[in-house]
Every structure is written in structure tokens, then in C-alpha cells.
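Read left to right, the sequence shown gives residues 4 to 158 (this note's numbering). Even glycine gets a Cβ: it sits at the ideal position worked out from N, Cα and C. Okay, so here's the structure we're looking at.
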Amino acid sequence: MNLLNLRHLIIETCAGRNRQCASCFRQTYPQTTEAHHKLRFPVTTTIGSGSIMPMDTIERILTQAVDMGFTGRVQLQYYNEPLLDDRLPEICQLVKTFPQIVGCDGYPATYFFSNLDLMTPSLAKKLDGVVGLIFGTLYMDPVAANKRSLKIYKM
Numbered sequence: 004m005n006l007l008n009l010r011h012l013i014i015e016t017c018a019g020r021n022r023q024c025a026s027c028f029r030q031t032y033p034q035t036t037e038a039h040h041k042l043r044f045p046v047t048t049t050i051g052s053g054s055i056m057p058m059d060t061i062e063r064i065l066t067q068a069v070d071m072g073f074t075g076r077v078q079l080q081y082y083n084e085p086l087l088d089d090r091l092p093e094i095c096q097l098v099k100t101f102p103q104i105v106g107c108d109g110y111p112a113t114y115f116f117s118n119l120d121l122m123t124p125s126l127a128k129k130l131d132g133v134v135g136l137i138f139g140t141l142y143m144d145p146v147a148a149n150k151r152s153l154k155i156y157k158m
């Protein structure tokens with residue numbers, strides 16, 4: 004099997020959140036009043052808050068994807084806050100051990116989205132050089148978002 008057409012691999016390394024953002028899938032899904040959501044259930048019931056994916060499972064996913072020809076980008080979260088996973092720098096380093104994973108479509112090999120509440124200078128140093136890109140989601144009032152942007156920029 005060849006996954007050359009698969010360019011985007013999402014690995015949810017942990018299940019947890021530190022906010023209840025109105026725009027988050029975990030917060031808003033499902034809207035059971037809409038017919039197409041009737042048979043669905045909240046993401047939190049399927050993921051299980053606080054659980055983490057074992058490192059050997061993450062390594063197996065990456066190994067099997069590369070064995071099938073994957074060379075794209077790896078997003079290390081989807082529904083949850085990735086900075087709740089203390090192993091995040093280690094996981095990013097693990098992705099780097101696969102030279103076949105190079106990124107695509109303007110994205111680096113590894114990236115994630117975070118509200119950055121848990122980012123510290125120490126964690127930023129650990130992530131520096133092992134993660135390609137961090138998207139900061141600033142779901143807050145404009146004054147607080149501006150202060151957060153300035154703080155992050157100075158790190």
C-alpha cells in the first residue's frame with residue numbers, strides 16, 4: 004500500500020483541555036437540535052478526559068505510515084490541548100527521527116494548535132528545534148489577546 008496521496012496525519016496524543024472555548028468542537032459538538040447530529044455523541048465521551056496515547060502506539064503509527072509511503076505533515080492534536088501532554092517535546096523529537104516525514108503544502112513536518120495558556124519559557128526551549136510550527140489560538144477579548152501575543156513574541 005502506498006500513502007503518497009495522504010499528506011496530513013493527525014495524532015491525538017492526549018485527551019484533556021484547560022478551557023471551554025465556545026468555538027471548540029469539544030464544547031459545541033453535538034448540537035442535537037440539528038437532524039444530522041441526532042445520532043452523534045460528545046467527543047469527550049469517546050476520547051476520555053485525561054487519557055494519553057502510549058508512546059509505543061505513537062511510534063507504531065509513525066512507523067506504519069512511513070512504511071506505506073507517508074512523507075507529509077504530522078499534526079499533534081485535534082480536539083484537545085496538546086500542552087497538557089508533558090511528553091510533547093519527546094513526541095516531536097520522535098517525529099524528527101523519521102527523515103521521510105518532511106511536511107508539505109507549506110507546513111513543516113510537525114505542528115499543533117494550542118491556546119498557549121500552559122506555554123512557559125522552559126517548555127518553549129524544549130520545543131525549539133523539534134516542532135516546526137505552533138499555532139496560537141487567542142480566543143479571548145482583543146486586549147487580552149494583544150497582551151498574550153506580546154508575551155509570546157518576547158519568549
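List the endpoints of the continuous beta strand (DSSP E) containing T172. The requested residue 172 does not occur in the structure, where the chain is confined to residues 4 to 158.
With H, G and I counted as helix, E and B as strand and the rest as coil, what does DSSP make of V77? Here residue 77 refers to the residue found at position 74 when the sequence shown is read from its first residue. Residue state, collapsed to three classes: strand.
Can you name the start and end residues of the beta strand (DSSP E) that I13 belongs to? Taking the first residue of the sequence shown as position 1, residue 13 is located at position 10. Per DSSP, I13 belongs to the beta strand (DSSP E) from 11-13.
For L119, which of helix, strand or coil comes out of DSSP? What you label residue 119 is simply residue 116 of the sequence shown in a count that begins at 1. Reduced to three states, the DSSP call for L119 is coil.
State the CB to CB distance for the pair P111 and G135, rounded to an integer number of angstroms; the pair is presumed to be in contact (CB under 8 Å). Taking the sequence shown and counting its residues from 1, one reaches residue 111 at position 108. Taking the sequence shown and counting its residues from 1, one reaches residue 135 at position 132. That belief holds up - the Cβ atoms of P111 and G135 are roughly 2 Å apart, short of 8 Å.
By Cβ distance below 8 Å, which residues in the same chain neighbour L87 in space, the five residues on each side in sequence not counted? Position 84 of the sequence shown, counted from the first residue, corresponds to residue 87. Excluding positions up to five away in sequence, the list reads C17, G19, R20, N21, L121.
Outcome for T60 when other beta-carbon atoms lying within 10 angstroms are tallied against a minimum of 16: Locating residue 60 in the sequence shown gives position 57, where the first residue counts as 1. Exposed is the call here.
What are the start and end residues of the alpha helix (DSSP H) that includes I104? One-based indexing of the sequence shown puts residue 104 at position 101. Element bounds for I104: n/a, residue is neither H nor E.
Return the residue from the list D131, D70, Q80 that minimises the CA-CA distance to Q103. What you label residue 103 is simply residue 100 of the sequence shown in a count that begins at 1. Q103 has its Cα closest to that of D70, out of D131, D70, Q80.
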